[in-house]
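K.L.:
There's a structure below that I have some questions on.
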Amino acid sequence: MKKTVFTFITAIAVMISSAYADITVGTTGDYAPFSVYNPKDNKYSSKDIKLIEAFAKNKKTSKVCQNFLGNC
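Numbering (mature numbering (1 follows the signal peptide of the UniProt record, and there is no 0)) for the sequence shown: -21 to -1, 1 to 51.
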């Protein structure tokens, strides 16, 4: 019984901790109007980025945009 309770509590803790994880987005930044990278201000902007920002705001977490080609 103790093992079952411990397993249940651990599973709940893992689910809660992963629910608030940062969102990492990999994009190339060269596919307008969906993914555009501006090297002057080092930021991404486009329809997809706005969608991810809205999703992150809704989930009360943060988003991180990374260059997909640089991580291959």
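All residues carry an ideal CB built from backbone N, CA and C; glycine is no exception. Note that the structure is predicted; figures quoted are calculated from it, not measured.
How big is the Cα-Cα spacing for residue 40 and residue 4?
P.N.:
Cα to Cα, the separation comes out at about 13 Å.
K.L.:
Smallest Cα separation from residue 34: which of -10, -1, 19 and 22?
P.N.:
Considering only alpha carbons, the answer is -1.
K.L.:
Closer than 7 Å by C-beta to residue 44: which residues in its own chain qualify, once you throw out the five before and the five after it? Chain order, please.
P.N.:
If we look at residue 44 and ignore the five residues flanking it on each side, its Cβ neighbours are 4, 6, 23 and 28.
K.L.:
Give a yes or no on whether the C-beta atoms belonging to residue -10 and residue 42 are separated by under 9 Å.
P.N.:
No.
K.L.:
Anyone know if the C-beta pair for residue 46 and residue 16 falls short of 9 Å?
P.N.:
In contact: residue 46 and residue 16 (Cβ atoms closer than 9 Å).
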